[in-house]
Amino acid sequence: MAKIVVDVMLKPEILDPQGSAVSAALPRLGFTFAKSVRQGKRFEIEIEGEPTAAQLAEVEVAAEKLLANPVIETFVVRVEK
Amino acid sequence: MAKIVVDVMLKPEILDPQGSAVSAALPRLGFTFAKSVRQGKRFEIEIEGEPTAAQLAEVEVAAEKLLANPVIETFVVRVEK
Amino acid sequence: MKVGVVTFPGTLDDRDAARAVTTGGATAISLWHKDADLKGVDAVILPGGFSYGDYLRCGAISRFAPVMEKIIDAAKGGMPLLGICNGFQVLCETHLLPGALTRNSELHFLCTDQKISIENTTTAWTSSFTQGQEIVIPLKNGEGAFMCDDETLAVLEGEGRIVARYVGENPNGSRNLIAGITNERGNIVGLMPHPEHAINTLTGPTADGLGFFTSVLNAMVK
Amino acid sequence: MTLDTVTVAQSSPDQSQPFAELGLKPDEYARIKEILGRRPTSSELAMYSVMWSEHCSYKSSKVHLKQFGDKAVKTDALLVGIGENAGVVDVGQGYAVTFKIESHNHPSFIEPYQGAATGVGGIVRDILTMGARPIAVMDPLRFGPADAPDTRRVLPGIVAGVGGYGNCLGLANIGGEVVFDETYIGNPLVNALCVGVMKHSDIKLAKAAGAGNLVVLYGAKTGGDGIGGVSVLASETFDTTGSAKRPAVQVGDPFVEKVLIECSLEIFAEDLVIGIQDLGGAGLSCATSELASGGSGGMKVELDRVPLRDASLSPEEILMSESQERMCAIVEPSKIKRFLEICDKWDVTVTVIGEVTDGDRLEITWHGDLIVDVPPRTVAHDGPVYNRPLAKPEYVDRVNAEVINVPRPTTSDEIKATVLKLAAAPNLADKSWVTSQYDRYVQGNTIQSQPDDSGMVRIDEKTHLGVAIATDANANWSYLNPYEGAKLALAEAARNIATAGAKPLAVTNCLNFGSPEDPGVMWQFAESVRGLADGCLEMGLPVTGGNVSFYNQTGSVAILPTPVIGVLGVIDDVRTRTPMSFEEAGLDLYLLGETADDLAGSEWAYLHGQRGGQSPIADLQREMRLIDLLVAGRVNKVFTAAHDLSQGGLSASLTEMVLRHNVGADVTVENIGTALMSETPGRVIVAIDPSQTKTLGDLATKHQIVLTKLGTTGGDSLVINGANIPLTELRTAWTETFPKLFG
Ligand SMILES: Nc1ncnc2c1ncn2[C@@H]1O[C@H](COP(=O)(O)OP(=O)(O)O)[C@@H](O)[C@H]1O
Ligand SMILES: [Mg+2]
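Chains as they are written, first to last, in our numbering: chain A, 1 to 81; chain B, 1001 to 1081; chain C, 2001 to 2222; chain D, 3001 to 3743.
Shown next as structure tokens:
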């Protein structure tokens, strides 16, 4: 059984109020490490057996069609151990 | 400039309504690869320069305190190239 | 005239939309998300609510409902189509309208009596209003901030496709105070606030919303 | 691990069992053995432990709650009384209304968002279970001090949870309360009320009758949610440092619940169920034992058929799981096909898990092995009953003897400062930071919601029949005098209904208290119940149901006694309601009722750190005359507006009235140092057109209510005894408190 991960983030030019809220909250709690924070989504997809190239291609299609909205978001598909 | 990523997922025993909804929608669109889907959050934190061990430790603390809700969520901190 | 009102699982304001249609003088026909035909309706409303719980993204799952295929075809052929709130989100997900609706800038659900100005009275749903008319109708959503790239925004502004704008303080971070937009042809309108909850002063803040439902009576399928 | 079957239990009578960890006392465990004639199996032990917990069995409160039955008023309006999932009241025109409040206090402290969300989800299923369409919710909330850091964690989460769940269900939020006090700091109160409407013929009950009928589980799959939550959280003093028990956090899925509601209503409409029960606290243990004891026979359940979200769950855990959004129905075999079709239409998971038998046992098997064999009544209804010791706490006489010593405004500057200070007090300030996160419009029948005295919904679009609901508690008065405090809360809720012109009809309640093992707390509880029962009897209002929440304390400090009382009223034509405020100048303002020096337990005293003195004594006869006057005045169109006086007294009520439509008022009162802030109960401000002066006077005389002219409406200031408070300044004070505190 393997895990395919799809990371979905808002495009850089799209306003991210959630990320901004985190950015603003961190220094209030005394954390000063962050220059900026963006918040996105992470999908963990469990599949049966090892992922094939065809399967990964299918996940790409599903990500494009359903998991991400290409108007405002970008995504990355990868296999995680 | 480097990027620290914090992945936050619901604990496995906690119900994930969003993941279930995606799981249910995929086969309706003809995608049959997924045994199960869980949906979480991904934070991309930009920092100045290369991350130090101390900085990563601080991010861990911030994740525990702010980015994740330890009652129902787990998180992983990592550096991404 | 028959106006279809679609119910997806999790739709909430369908009865209200049907009531507004009736009050406006048309006949409301209920359409189920699994329906394969449009029951001969002359126009369609995608009402508000939390279809599929708003999970993933608002409207992202509903857009694939069987009934949507027919609606998309009919709307491309000129049938008047109004998406209110969640319906607007569905229209953006189907790409019948450009842009997307994202999280309110304050990050919580906001229910308020909102003043908007009607900026385009040539659409199928706004002909009963006068240009620049200011009305007050409820706004209630968690993800109502209209976002698009600069190019799209320029096109929308340039072609007068902003149907309604918020008046006063920006309630949710929408670009250019956009509360509603239309397609090039003017038959498809997406609107974030809820005119169906402002059809009388007994149950709504005003009766200002009725104009959307009377407008469509004048719009014939071309 | 081997399965602990009935056979195994019989052959290993001396095996030790973790009854104490499950919250059972040694005598309770002995009683279970006595009932069964053997030791319980681990599954049986699980069932008894959750069902005999305080939360499910009401073991400490039962002896007191009996009064609601014993002292009950005879009324034909009550179609279903206490005991079912919720009471049902006849509101005329063939309509029945069901309403109930429940608490979700402890889970909301641990995980504010999910705790509050699942609290709403649970009460909504109770209402649905009666056969009604849920139409509106309310949320009486209590928090620690507004500026306490933990309040900043808890309040936004709870509000978001109430909204997140309720909004997604399409239920209008028509009111609630937000109250701050130190005693709630480690123990916020999240009470949730739901109201539903149906036709008389649609009423459903929790009973499993007719051998051969099927037991059907539908809705969400069962997971490990909140296992042990019921018994652990409700039976033992809440202690965050306690042993590592199963996480008691349940996560709600409002979308699944919304679909479950629509699916159930369609099933009800086709009359496909004999009995029905929602799965709340104690999950399947509760649903199966209650359904079986509600019927005439027994029940057989194959537990391995239950659809699981987590395949590793043991049978004990499945029985105890509190996974949300599940229902259990009893269905005749001839109707099951249609039942399954409707579930399929809504994509709802549905499974036949057993059948009704003509025996008298509840038998549960796991892959064919018998793991539970009990008389269902012993689980559901024959739990232990405690007559716990009670004693009037030492503090009562001491604080009652204290003399209130607070500033009393006399000059214009002092009057203005007092009004502004009260307006900005967190307990009295504008709550729209909270309420704007709730959908008040959905379903299109909301006539009144915040900031009105009561919530009001239309239930028939043609006849305009409607119902109004208000919830109230005055914990400060209950602390000083729990007997009077409960009566006063009842009176206040009834008055809040009547200001709109609705007629009070029935009562629900949520009794939030500290540990019942503390005799002082038990005394507060007993006095509150006695007060509420006496009050309801005197006012002719039946108690239709409610909820008790004990163990609300932080360490050894109990919360203030907080009996939240909900009153439901009916109004024959919502179009004729009396609004809470005026939109025009030139109206006359009058005060109905007399003002005494009632600063004990008042907001003004609280703001000055004083909690002593004597609470007012409820005069329910006068309250009833006032209610009659308000209803008659509405029917005869005497009032332009009416607004009740409560926390913050005249100052707070005038503030709310003038800010509602931004129309000022000029009033003059005698004895301003008392009159401005006193909270004497039984008072209402009314606005009338001057042409109604004589009618109002006649009404007051007829109902023997003291009438005092206050002044007139108009202008852009609130002027009190010459002190000029511009509305802009007043509005700033009133509205900025919450955004400043919570962002
Ligand atoms: N948590 C809440 N949810 C919804 N409405 C609320 C809540 N808290 C307060 N409200 C509403 O705000 C208004 C003012 O509250 P409050 O001062 O407690 O009223 P009252 O004094 O009449 O009991 C009322 O309409 C009440 O229903
Ligand atoms: Mg009131």
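Each residue gets a CB set at the ideal place from its N, CA and C atoms; glycine is no exception.
Per-residue DSSP class, three states only, for residue i
i, result
"D/CYS3536", "helix"
"A/GLU46", "strand"
"C/CYS2148", "coil"
"D/CYS3263", "helix"
"D/SER3549", "strand"
"B/PHE1031", "coil"
"A/GLN39", "strand"
"D/CYS3286", "helix"
"D/VAL3706", "coil"
"D/LEU3193", "strand"
"C/GLN2114", "strand"
"C/HIS2033", "coil"
"D/ASP3239", "Any reading at D/ASP3239 must be qualified, since the residue scores a pLDDT of 35, below 50, and its modelled position is unreliable; the value itself is stated next. Of the three classes helix, strand and coil, the one that applies to D/ASP3239 here is coil, per DSSP."
"D/GLU3332", "coil"
"D/GLY3531", "helix"
"D/MET3327", "strand"
"C/TRP2125", "coil"
"D/PHE3639", "coil"
Buried/exposed call for residue i, threshold 16 Cβ in 10 Å
i, result
"D/LYS3416", "buried"
"D/MET3617", "The displayed chain sequence assigns Ile, not Met, to residue 3617 of chain D. Result: exposed."
"D/GLY3633", "buried"
"D/TYR3395", "exposed"
"D/ASP3147", "exposed"
"D/LYS3074", "exposed"
Beta strand (DSSP E) segment containing residue i, residue limits
i, result
"C/ASN2170", "Unbroken run through C/ASN2170: none, as it is neither H nor E."
"C/CYS2058", "No beta strand (DSSP E) contains C/CYS2058, which DSSP labels as neither H nor E."
"C/VAL2189", "2188–2191"
"C/THR2182", "2178–2182"
"D/PHE3082", "Before going on, a small fix: residue 3082 of chain D reads as Ile here, not Phe. That residue, D/ILE3082, is in no beta strand (DSSP E); it is neither H nor E in DSSP."
"D/PRO3504", "3503–3512"
"D/SER3717", "3717–3720"
"A/GLU80", "73–80"
Element boundaries [alpha helix (DSSP H), containing residue i]
i, result
"D/ILE3342", "3336–3345"
"D/GLU3044", "3042–3051"
"C/THR2214", "2210–2218"
"D/ILE3318", "3315–3320"
"D/GLY3163", "3149–3169"
"D/MET3624", "3620–3635"
"D/SER3060", "Where D/SER3060 is concerned, there is no enclosing alpha helix (DSSP H), given that its DSSP letter is neither H nor E."
"D/HIS3106", "3105–3110"
beta-carbon residue i near ligand 3 non-hydrogen atom, thresh 7 Å
i, result
"A/THR32", "Ligand 3 is not part of this structure, which contains only ligand 1 and ligand 2."
Task: Near-chain B residues of the stretch 3306–3320 of chain D - C-beta to any C-beta below 8 Å - done: Within the stretch 3306–3320 of chain D, the qualifying residues are ARG3309, ASP3310.
- [ ] Give a yes or no on contact between the stretch 3495–3502 of chain D and the stretch 3526–3543 of chain D, applying the rule of three or more CB pairs nearer than 8 Å.
- [x] Verdict: no, contact absent.
Task: Contact between the stretch 3207–3221 of chain D and the stretch 3171–3191 of chain D (3+ Cβ pairs under 8 Å) - done: Because the criterion of three Cβ pairs below 8 Å is not met, the stretch 3207–3221 of chain D and the stretch 3171–3191 of chain D do not touch.
Open item on the list: Closer than 7 Å between beta carbons: that is the criterion. Which residues of the stretch 1037–1057 of chain B meet it against chain A?
Closed with: Listed by position along the chain: VAL1037, ARG1038, GLN1039, GLY1040, LYS1041, ARG1042, PHE1043, GLU1044, ILE1045, GLU1046, ILE1047, GLU1048, GLN1055.
Task: Segment contact, 8 Å Cβ cut-off, at least three pairs: the stretch 3003–3013 of chain D with the stretch 3271–3278 of chain D - done: Counting Cβ pairs under 8 Å, fewer than three are found: no touch.
TODO: Determine, using beta-carbon pairs with one atom in the stretch 3627–3646 of chain D and one in the stretch 3695–3712 of chain D, whether at least three such pairs fall under 8 Å.
DONE: Verdict: yes, contact present.
Task: At least three beta-carbon pairs within less than 8 Å, the stretch 3076–3088 of chain D to the stretch 3121–3132 of chain D - done: Contact between the stretch 3076–3088 of chain D and the stretch 3121–3132 of chain D is present, because at least three Cβ pairs lie under 8 Å.
TODO: Evaluate the contact criterion for the stretch 2134–2151 of chain C versus the stretch 2167–2183 of chain C: three or more CB pairs, one atom per stretch, below 8 Å.
DONE: Look at the beta carbons and you see the stretch 2134–2151 of chain C touching the stretch 2167–2183 of chain C: at least three pairs across the two are nearer than 8 Å.
Open item on the list: Give me the subset of the stretch 2043–2067 of chain C whose CB atoms are less than 7 Å from a CB atom of chain B, sorted by chain position.
Closed with: Answer set for the stretch 2043–2067 of chain C: TYR2052, GLY2053, TYR2055, LEU2056, ILE2061, PHE2064.
Task: Three-pair Cβ contact test at 8 Å for the stretch 3090–3101 of chain D versus the stretch 3415–3430 of chain D - done: Contact fails: fewer than three Cβ-Cβ distances are below 8 Å.
- [ ] Could you name the residues of the stretch 67–79 of chain A whose beta carbon sits closer than 8 Å to any beta carbon of chain C, in the order they occur along the chain?
- [x] The residues in question are LEU67, ASN69, VAL71, ILE72.
Open item on the list: Taking contact to mean 3 or more Cβ pairs, one atom from each stretch, closer than 8 Å, check whether the stretch 3538–3547 of chain D and the stretch 3613–3627 of chain D are in contact.
Closed with: Yes: the two stretches touch, three or more of their Cβ pairs being nearer than 8 Å.
Task: Under 7 Å (Cβ pairs) to chain D, residues found in the stretch 1004–1020 of chain B - done: Cβ contacts with chain D come from GLU1013, ILE1014, LEU1015, PRO1017.
Open item on the list: Beta carbons nearer than 9 Å to chain A: which residues of the stretch 2081–2112 of chain C have them?
Closed with: Hits within the stretch, in order: CYS2092, GLU2093, HIS2095, PRO2098, GLY2099, ALA2100, THR2102, ARG2103, ASN2104, SER2105, GLU2106, LEU2107.
Task: Residues from the stretch 2138–2155 of chain C in contact with chain D, defined by Cβ distance under 7 Å - done: The stretch 2138–2155 of chain C vs chain D, Cβ under 7 Å: PRO2138, LYS2140.
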